[in-house]
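The numbering used here applies: residue 102 is where the sequence shown begins, and numbers increase by one.
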Amino acid sequence: MNKASDLRLSAKPLTAEDATTDAIREAILSGHLVPGQRLNQAELAAQLGVSRIPLRDALRRLDGDLVTIDGRRGCWVNSLGPSEIQEIYEMRIMLESRCVWLAVDGLGDQEARHL
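If you want it as structure tokens, here you go:
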């Protein structure tokens, strides 16, 4: 893979753990889950429509960045400062822009005109 045009996004479906991780990340970044909020795993699993196993695995993935897990005290959303939030949004813009570029690069002329 030498050229950027050789890169393609995987069409592989997300696992329950991947989808749960993405949903929790988005809920935190959008403010639906607020800094300092304690996360009740049973309630969160029910809201997301998943069992507690993929939920626990998703929370472990996010541990240290967006959530903190303490075996005795539970799990809660980390507090993000303004600079951290700005950095996250800048990274999202870069990644999403790149994804769009890669998707459009693979389109034919007729498909591109349709967009």
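Cβ atoms here follow ideal geometry from the backbone N, Cα and C, with glycine treated the same way.
Query, Result
"Which same chain residues end up closer than 7 Å to S106 when comparing Cβ atoms and leaving out the 5 residues on each side of it in sequence?", "A caution first: S106 carries a pLDDT of 48, below 50, which makes its placement in the model unreliable, though a value can still be read off. Closer than 7 Å at the Cβ level, and outside the excluded window around S106, lie D206."
"Can you look up V201 in the DSSP assignment and give me helix, strand or coil?", "helix"
"Under the three-state reduction of DSSP, which class applies to R139: helix, strand or coil?", "strand"
"Which class does D171 belong to by DSSP, given the choice of helix, strand or coil?", "strand"
"Going straight from the alpha carbon of G165 to that of L149, what length do you get?", "22 Å"
"Alpha carbon to alpha carbon, how far is S198 from T122? Give it in angstroms, no decimals.", "21 Å"
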